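Heads up: the sequence shown runs through residues 6 to 101, numbered per this note's numbering. Working notes, structure below.
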Amino acid sequence: MTGTTRSSGGLDDRRKRLLFRCWHRGTREMDLILGRFADAEISAMRDEDLAELERLIEVPDPDLYAAVIGDTPLDPEYATALFDRIKAFRAVDHDA
C-alpha cells in the first residue's frame, strides 16, 4: 500500500511518473510529505512546476527532509516557490 488517495487515472504519463516517484522516495517521511502534496496538486501543476518537482525529487531524502522541516536550508538552486508550497502544505497537513 502506498498511502496515496489519488488515482493516476486521467493523468498524462509525466504526471503519473511524478506521482509514483513522490510516493516511493525511500523514506516513509518523504513519501508522506511529497506523496500527499502530489495527490493534492499534481493534476493542476503547470509544466514549470512539474520541471521544478522533477529537479527537487533528485535531492537526497535526508537533505530534503531536513529542509522541509526547517532544520537546514535547502541549496538555493532548489529553494523555489514550489518548495515553499510544499513546506506550507506540509505545515497545514501536519497540523490536521
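Note that beta-carbon positions come from the ideal geometry of N, C-alpha and C, so glycine has one too. Computed from a prediction, not measured in an experiment: that's the story for all the values here.
Counted within 10 angstroms of its Cβ, other Cβ atoms place residue i as buried (16 or more) or exposed
i: ARG60; result: exposed
i: GLU82; result: exposed
i: ARG51; result: exposed
i: ALA49; result: exposed
i: ALA72; result: buried
Through-space distance from residue j to residue i, alpha-carbon basis
i: ILE74; j: ASP18; result: 30 Å
i: ASP98; j: ARG90; result: 12 Å
i: LEU23; j: ALA43; result: 8 Å
i: HIS29; j: PHE94; result: 19 Å
i: ASP2; j: ALA84; result: With the chain covering only 6 through 101, there is no way to say anything about residue 2.
i: THR32; j: GLU63; result: 14 Å
Span of the alpha helix (DSSP H), counted from its first residue to its last, around residue i
i: ALA71; result: 66-73
i: MET50; result: Per DSSP, MET50 belongs to no alpha helix (DSSP H) and is neither H nor E.
Same chain only: Cβ atoms within 7 Å of residue i, ignoring 5 sequence neighbours per side
i: PHE88; result: LEU61 and LEU79
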